[in-house]
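Visitor: Following this message is one structure expressed as structure tokens.
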């Protein structure tokens, strides 16, 4: 495997684990403010991000590459309103998409077709993540500025259930 592709994949593991920390901080914010449905949505999102890191880890190991884990940064977003985590999540997903695209671009430049094929799943996943977080903001803006709408959205988000990724590498 190309050294730069390997380095970028290792860095992406860290970014995915950071994403999990970030989403856990959002879940904690909502839990603290008695919005358990919103907290549930972000807790599940945190679980998904750990799964993404594990997929990257397994891919590297399956290709005979060593894993280089780094320290995970503390989330630094400050939330001043119930909308802030939603916007932060959307912006973070745009960042992750750019990172995945960067790895794909590097893999393409060195004709690493196996990594490109592997990353196809992540590219599809990021499209879904961006759509989902954008919808959170739109729903919040449409309904949640009134307490009854906030309550109903909280109920809706509380119904989200965890679904492990469909990509299998073993």
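In the numbering used here, the protein residues as written are 110 to 279. Ideal placement from N, C-alpha and C gives every residue a C-beta, glycine not left out.
DSSP on residue 269, reduced to helix/strand/coil?
Guide: Three-state result, residue 269: coil.
Visitor: When the distance is taken between beta carbons, is residue 130 closer than 8 angstroms to residue 184?
Guide: A contact, by the Cβ cut-off of 8 angstroms.
Visitor: To the nearest angstrom, how far is it from the Cα of residue 187 to the Cα of residue 243?
Guide: Going by the C-alpha atoms only, they are around 19 angstroms apart.
Visitor: Can you tell me the Cβ-Cβ gap for residue 117 and residue 241, rounded? I've got them flagged as a contact below 8 angstroms.
Guide: Contact flag wrong, Cβ pair sits at about 25 angstroms.
Visitor: Could you check where the alpha helix (DSSP H) with residue 218 kicks off and where it finishes?
Guide: That run of the alpha helix (DSSP H) goes 193 to 218.
Visitor: For residue 238, tell me which candidate among 171, 114, 125, 182 has the shortest Cα-Cα distance.
Guide: Comparing Cα positions, the closest option is 125.
Visitor: Only counting the same chain, and skipping five residues up and downstream in sequence, which positions put a Cβ closer than 6 angstroms to that of residue 265?
Guide: If we look at residue 265 and ignore the five residues flanking it on each side, it has no Cβ neighbours.
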